[in-house]
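This report refers to the structure that appears directly beneath it.
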Amino acid sequence: MPTDIIMPQMGESIVEGTITKWLKKPGDKVQRDEPLFEISTDKVDAEIPAPASGVLQEIKVTEGTTVNVNTVVGTIAVDGEAAAKPAAPAPEKSPEAKTSSAGVPPAVAGASRPRTPDPAPPPPPAPAAHEEDEEARSSPLVRKIAREHGISLSQVSGTGLGGRITKQDITSFIESQSSAPTAPAPAASAPPAPASRPASPPAPAAFPGDLVPLTNMRKIIAQRMIESRRTSAHVHCMYEVDFTRIVNLRAKHKAGFEQRHGARLTFMPFFVRAAVMALQQWPIINASLEGDNIRYHRQINMGIAVALDWGLIVPVLKNSGDLNFLGLQRGITDLGERARTKKLKPEDVEGSTFTVTNPGQFGAVFGLPIINQPNSAIMGVGGITKQPMVITDKDGTDSIAIRSVVHLTLGYDHRLIDGAVADQFMAQVKKNLETWSEEVG
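See the structure below:
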C-alpha cells in the first residue's frame with residue numbers, strides 16, 4: 061500500500077495549513093526525511109519531510125490550497141509499488157456526470173435503456189456548478205458558517221491566497237447583510253422583480269503593474285502590526301552609545317572565537333547580553349499586561365527579529381538570563397539559521413518577553429519598531445558608524461576623537477512603563493555596553 065503524506069499539526073492551536081510549494085513532482089524519487097513540500101501556518105513557514113522513501117505517486121492538494129491538519133495531501137509508492145505513470149489530476153466532470161452528482165442516478169455500466177434524444181442537454185443546476193469551486197476556495201469551517209446562514213459562497217469575495225474565502229470574509233459578509241436596509245415590498249399591481257445578487261462595490265481604479273495576493277506570512281504580519289498599534293500606547297526613546305570598546309574587542313577576538321567554538325562572533329550577543337543585564341534590574345520592562353493585572357515573568361525569553369527574503373519572523377531564545385555570552389551567540393546563530401531554512405517549530409516563536417530587532421544591519425541610523433505583542437517593550441539597534449565625539453578624560457579635559465557609535469531605541473507601552481523607567485533602563489543598557497568587561501569566550 062502507498063504511504064499517505066499528511067498535513068502535519070505544527071502546534072496545539074494550529075488547525076490548518078497552506079501548501080505553498082511542492083519540492084517534488086509526481087514520479088520523482090524521494091528519500092525518507094528529505095524536504096518534500098513547504099507549508100505556511102499562522103505561526104511559522106516550514107519544510108515538511110517525506111514520511112518514507114519511494115516515488116511521489118500522487119499530489120492530492122495543489123499549491124496555494126489550505127486544508128485541515130491530518131488531511132492526506134499526497135501519496136508515496138514504496139517498495140517497488142510505484143505506479144506505471146504519475147497520477148494526473150481528475151478530469152473535469154462531464155455535464156452528465158455533474159447532473160448525476162446533483163441528484164439524478166447515473167446509468168449502470170453495461171446496461172442499455174431506451175432514450176428519447178433531446179435537442180440539447182440541459183445546463184447543470186446552479187448549485188452544482190459552484191460545488192467544486194466552493195470546495196477549492198474555502199475551508200470546512202467557512203462552508204459550515206455559510207450553510208448555517210443560508211449563504212452561497214459565490215456571493216462572497218475571497219481575500220485569501222488565490223481568492224480563497226477566509227473566516228473573516230464570510231463573517232464580514234454576514235455582518236454587511238444583517239446591517240443592510242430591507243427593500244420595500246413591491247406594489248400589488250407591479251410584477252415581481254427578478255431575484256438579483258447584492259450589488260458589488262465599485263471596482264477600484266486600475267493602475268499599471270502586477271496585482272499579487274498577499275502571502276500567508278505577509279497577512280499575518282499585517283494583522284499583528286495593526287493589532288499592536290491598537291493595543292499598546294507606543295512611545296519611543298533613543299540613546300547614543302559609544303560602541304568603540306566592543307568594536308575593538310570583537311576585532312581582536314573574532315578569529316580565535318570562530319576557531320575555538322565553530323561560530324562567528326557577531327555584535328548581536330553584545331546587545332542581547334546588555335539588555336538581559338538591564339532587564340534583571342528593571343523587571344517591569346520584561347513584564348506584560350493581562351487585563352487589569354501585571355504579569356512579571358520569571359524568565360527572560362528574548363525575541364530576536366530575523367529578516368527573511370519573504371517576510372519577518374521573531375524566534376525566541378528561551379531563558380536568555382541563564383546563558384553566558386557563548387550560549388547567547390550559539391542560540392542566536394541557531395535560531396537565525398533555522399528561520400532562514402524554514403526549520404523552526406511553533407514553540408520556537410512563542411513565549412517571548414522582550415524583543416531585539418536590528419534595522420541597522422541594512423544601514424538605518426535608528427528605527428522606531430512596533431512592539432511585539434504581548435511584550436511591553438522592544439529595543440531597536442541602529443547602524444554602527446564612525447563619528448566625531450567629545451571625549452572627557454579623568455582630569456576633565458575635553459578632546460574630539462573618532463569613535464564607533466550606535467543609536468539604540470526603545471519602543472515601550474506607556475500603559476505599563478513610565479518614561480522615567482524606560483530612560484533608566486536604556487541608560488543601564490548604554491552603560492553595560494560602554495563599560496563592557498565580560499569575557500567573550
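Numbering (our numbering), first residue to last: 61 to 501.
All C-beta atoms in this analysis are idealised placements derived from N, C-alpha and C, irrespective of residue type, glycine included.
Where do the ends of the alpha helix (DSSP H) carrying residue i lie?
{"i": "M486", "result": "G479 to E494"}
{"i": "I360", "result": "Taken as a continuous stretch (DSSP letters only), I360 belongs to no alpha helix (DSSP H), as it is neither H nor E."}
{"i": "A399", "result": "F385 to R400"}
Residue i and residue j look like a contact to me (Cβ under 8 Å); what is the Cβ gap, rounded to whole Å?
{"i": "P68", "j": "I108", "result": "6 Å"}
{"i": "G87", "j": "V127", "result": "Rounded, the Cβ-Cβ distance is 23 Å, inconsistent with contact."}
{"i": "P62", "j": "A137", "result": "5 Å"}
{"i": "T302", "j": "V465", "result": "It should be noted that the sequence gives Asp, not Thr, for residue 302. Rounded, the Cβ-Cβ distance is 6 Å, consistent with contact."}
{"i": "R284", "j": "Q484", "result": "No, R284 and Q484 are not in contact; Cβ-Cβ is about 29 Å, not under 8 Å."}
{"i": "S380", "j": "V332", "result": "7 Å"}
{"i": "R430", "j": "S288", "result": "Per the sequence shown, the amino acid found at residue 430 is Ile instead of Arg. Their Cβ separation, rounded to whole angstroms, is 5 Å, which keeps I430 and S288 in contact under 8 Å."}
{"i": "L404", "j": "V104", "result": "5 Å"}
{"i": "A338", "j": "N435", "result": "With 8 Å as the limit, A338 and N435 do not qualify as a contact, their Cβ atoms being about 15 Å apart."}
{"i": "R390", "j": "A323", "result": "6 Å"}
{"i": "V409", "j": "I373", "result": "6 Å"}
{"i": "I505", "j": "I364", "result": "Absent from the structure is residue 505, since the part of the chain shown begins at 61 and ends at 501."}
{"i": "G427", "j": "T469", "result": "6 Å"}
By a C-beta neighbour count over all protein chains shown, 10 Å radius and 16 as the cutoff for buried, is residue i buried or exposed?
{"i": "Q488", "result": "buried"}
{"i": "A106", "result": "buried"}
{"i": "R355", "result": "exposed"}
{"i": "S212", "result": "exposed"}
{"i": "S412", "result": "buried"}
{"i": "S217", "result": "exposed"}
{"i": "A335", "result": "buried"}
{"i": "H474", "result": "exposed"}
{"i": "V441", "result": "buried"}
{"i": "I79", "result": "buried"}
{"i": "P329", "result": "buried"}
{"i": "P375", "result": "buried"}
{"i": "G471", "result": "buried"}
{"i": "V132", "result": "exposed"}
{"i": "I460", "result": "exposed"}
{"i": "A272", "result": "First, the residue type needs correcting, since residue 272 is Val and not Ala in the sequence shown. Exposed, because fewer than 16 other Cβ atoms sit within 10 Å of the Cβ of V272."}
{"i": "I286", "result": "exposed"}
{"i": "N130", "result": "exposed"}
{"i": "T417", "result": "buried"}
{"i": "V366", "result": "buried"}
{"i": "R224", "result": "buried"}
{"i": "F233", "result": "buried"}
{"i": "K503", "result": "The chain is shown only over 61 to 501; residue 503 falls outside these bounds and no answer can be derived."}
{"i": "G210", "result": "exposed"}
{"i": "N308", "result": "exposed"}
{"i": "Q117", "result": "buried"}
{"i": "D455", "result": "exposed"}
{"i": "K402", "result": "buried"}
Between which two residues does the beta strand (DSSP E) holding residue i run?
{"i": "I66", "result": "T63 to I66"}
{"i": "V133", "result": "V132 to A137"}
{"i": "V127", "result": "T126 to N128"}
{"i": "E407", "result": "Unbroken run through E407: none, as it is neither H nor E."}
{"i": "F267", "result": "Unbroken run through F267: none, as it is neither H nor E."}
{"i": "S81", "result": "Note that residue 81 corresponds to Lys in the displayed sequence, not to Ser. Unbroken beta strand (DSSP E) run through K81: E76 to W82."}
{"i": "T417", "result": "F414 to T417"}
{"i": "V366", "result": "V366 to L368"}
Where DSSP assigns a beta bridge to residue i, which residues make up the other side?
{"i": "V425", "result": "In the DSSP output, where bridge partners are listed per residue, V425 has none listed."}
{"i": "N435", "result": "According to DSSP, N435 bridges with nothing at all."}
{"i": "A112", "result": "Partner(s): none; A112 has no beta bridge."}
{"i": "G381", "result": "The partner list for G381 (beta bridge, DSSP) is empty, contrary to what the question assumes."}
{"i": "G15", "result": "It is not possible to answer for residue 15, since the shown part of the chain is limited to 61 through 501."}
{"i": "S100", "result": "T78 and D105"}
{"i": "L372", "result": "A367"}
{"i": "E118", "result": "T135"}
{"i": "I354", "result": "L349"}
{"i": "I234", "result": "DSSP lists no partner for I234."}
Is any beta-carbon of chain D found at less than 7 Å from that of residue i?
{"i": "Q389", "result": "Of the protein chains in this structure there is only one, and it is not chain D."}
Does the beta-carbon of residue i, which I'm using as the reference point, lie nearer than 6 Å to any heavy atom of the ligand ATP?
{"i": "G87", "result": "This structure lacks the ligand ATP; in fact it carries no ligand of any kind."}
Runs of beta strand (DSSP E) lying entirely within the region 273 to 352, each at least 3 residues, in chain order:
294 to 302 and 348 to 350
Can you list, in chain order, the stretches of the beta strand (DSSP E) that have 3 or more residues and sit fully within the region 437 to 478?
437 to 441, 445 to 452 and 458 to 473
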